[in-house]
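Before any comments, here is the structure.
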Amino acid sequence: MVLVTGGAGYIGSHTCISLIEAGYDLVVFDNFCNSSRESLKRVEKIVGRKINFFEGDIRSSEDLDGVFKAFEIDSVIHFAGLKAVGESVAEPVMYYDNNVSGTVKLCEAMNKHKCKKIVFSSSATVYGDPHTTPIKEDFPLSATNPYGRSKLFIEEILRDIFVSDSEWKIVLLRYFNPVGAHKSGTIGEDPNGIPNNLMPYIAQTAVGKLECLSVFGGDYDTEDGTGVRDYIHVVDLADGHVKALNIINKLENVLTVNLGTGNGYSVLDMVKAFEKASGKTVNYKIAPRRAGDIAKCYADPSYALEQLGWSAKLGVDEMCEDSWRWQSNNPEGYTA
Ligand code: NAD
Ligand code: UFG
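Per the working numbering, the sequence shown starts with residue 3, numbered consecutively.
So, in structure tokens, the structure goes:
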């Protein structure tokens with residue numbers, strides 16, 4: 003059985019579906035600090051069966067002992083964590099406690115219960131401001147905020163664990179920019195308050211909840227002057243986790259792979275693609291650059307293909323169509 007920490011969240015809920023479709027049994031472990039039970043109910047509807055679920059906090063050894071005792075857990079996919087860059091600058095201790103201390107507690111529990119296989123949600127943010135694109139896994143690592151540093155620290159901690167005990171099987175997945183939603187339109191990204199990220203902001207502008215998108219910077223050294231990112235459909239990303247679990251037993255070293263499409267799209271490309279998918283106008287204005295942003299970030303995904311047999315299948319049109327279906331069917335997210 004696979005323990006999915008943070009399995010009620012955006013990427014976790016989509017990954018639960020892919021795991022079940024691939025024949026894996028799983029138990030979700032979540033404290034709902036950034037998600038709701040409703041997402042799991044909807045996952046149950048999509049897969050047509052009950053999902054095992056344990057409410058708990060990864061920082062609590064007691065909670066972790068509880069789930070390891072209640073289920074026969076063989077491997078862990080570890081999504082649980084906080085992810086808002088700005089909030090991490092304001093609340094660094096909360097981020098280090100939740101992400102880093104939480105992961106240490108999880109590893110302690112895994113050791114205790116002799117479960118030594120983990121797939122970890124890392125991020126392209128660990129490349130800092132890359133010297134060139136596309137980004138390969140051996141590029142230098144750096145961080146510019148506590149969120150990014152928490153991901154870097156966790157990667158290092160997991161590598162140290164492997165050095166101390168080579169029975170561990172560890173996959174570090176560095177996600178680029180996850181967007182989109184399940185094609186049913188019943189689960190998707192449901193940010194609290196005003197979204198920080200581009201796609202939910204565009205979607206909420208298109209649906210009429212927000213008035214106007216501020217495009218952060220029109221003077222970057224990119225084709226149209228706006229920031230370029232590697233947007234990846236969350237269903238492709240979910241599939242990357244299944245592929246990682248499929249090969250994890252064969253690993254002889256810590257495996258680190260980029261999960262991206264290899265294509266870079268600008269902010270204005272995404273606005274246009276979303277307008278096409280939704281038939282709505284997305285009002286926008288060019289605004290000053292956002293502190294900490296970089297011009298271009300996209301993956302070289304060839305190592306993922308070589309190591310996992312994984313590559314992204316869905317393009318920008320599907321990302322926008324699926325995101326629109328979720329947003330227009332659920333303008334208030336899961337709370338409606
Ligand atoms: P999310 O907030 O939707 O999901 C995270 C889940 O973890 C939530 O359900 C939350 O309630 C749970 N959680 C948080 N702290 C917990 C704790 N202490 N104990 C138990 N559960 C806890 O975020 P997401 O977008 O699905 O991201 C999942 C993972 O992927 C995170 O680790 C995130 O840092 C990483 N990641 C996300 C992105 C992105 O842009 N979405 C990019 C790169 C990496
Ligand atoms: N952008 C806007 N207006 C907005 C929001 C974003 O113009 O209202 C622009 C940004 O300047 C950037 C692009 O849209 O050029 C993407 O921004 P996001 O905030 O959606 O994503 P980032 O690339 O900044 O960062 C995201 C996550 C990080 C993660 C990183 C890599 O927020 O946590 O992807 O995975 F580390």
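Don't be surprised by glycine CBs; every beta carbon is placed ideally from N, CA and C. No experiment lies behind these values; they were computed from the predicted model shown.
| Asked | Found |
| --- | --- |
| Closer than 7 Å to a non-hydrogen atom of the ligand NAD - does that hold for the CB of K85? | yes |
| How is the beta strand (DSSP E) around I341 delimited, first residue to last? | Residue 341 lies beyond the stretch modelled for the chain, which goes from 3 to 338, so this question has no answer here. |
| Write down the C-beta distance between A82 and G104 rounded to the nearest angstrom, noting that I regard them as a contact closer than 8 Å. | 6 Å |
| So, using beta-carbon positions, are D99 and R61 closer together than 8 Å? | yes |
| Over the uninterrupted beta strand (DSSP E) stretch that includes A289, give me the two end residues. | Y286 to A289 |
| Examine the ligand NAD and report whether any of its heavy atoms sits within less than 7 Å of the Cβ of D59. | yes |
| Go ahead and pull the three-state DSSP assignment for S90. | helix |
| May I ask you to report which of helix, strand or coil DSSP gives C299? | strand |
| Straight-line CA distance for D226 to A297? | 11 Å |
| Give the DSSP bridge partners of S125, in chain order. | Y177 |
| Give the range of the alpha helix (DSSP H) segment to which I48 is assigned. | R39 to V49 |
| Excluding the five sequence neighbours on either side, which residues of its own chain have a C-beta within less than 6 Å of the C-beta of L108, listed in chain order? | I60 |
| Taking the alpha carbon of Y286 as the point to measure from, which residue in K71, G219, N147 and Y97 has its own alpha carbon closest? | G219 |
| In this structure, does DSSP put S280 in helix, strand or coil? | helix |
| Considering only heavy atoms of the ligand NAD, does any lie closer than 7 Å to the CB of N260? | no |
| Do R176 and S125 have their beta-carbon atoms positioned less than 8 Å apart in this structure? | yes |
| Between which two residues does the alpha helix (DSSP H) holding D65 run? | S63 to A72 |
| Using only alpha-carbon positions, find the residue among A183, L307, I189 and Q329 that is nearest to E139. | L307 |
| Just curious, the alpha helix (DSSP H) that H243 is in, first and last residue? | V236 to I249 |
| Contact check, Y300 vs R231 under 8 Å by CB: the rounded distance? | 7 Å |
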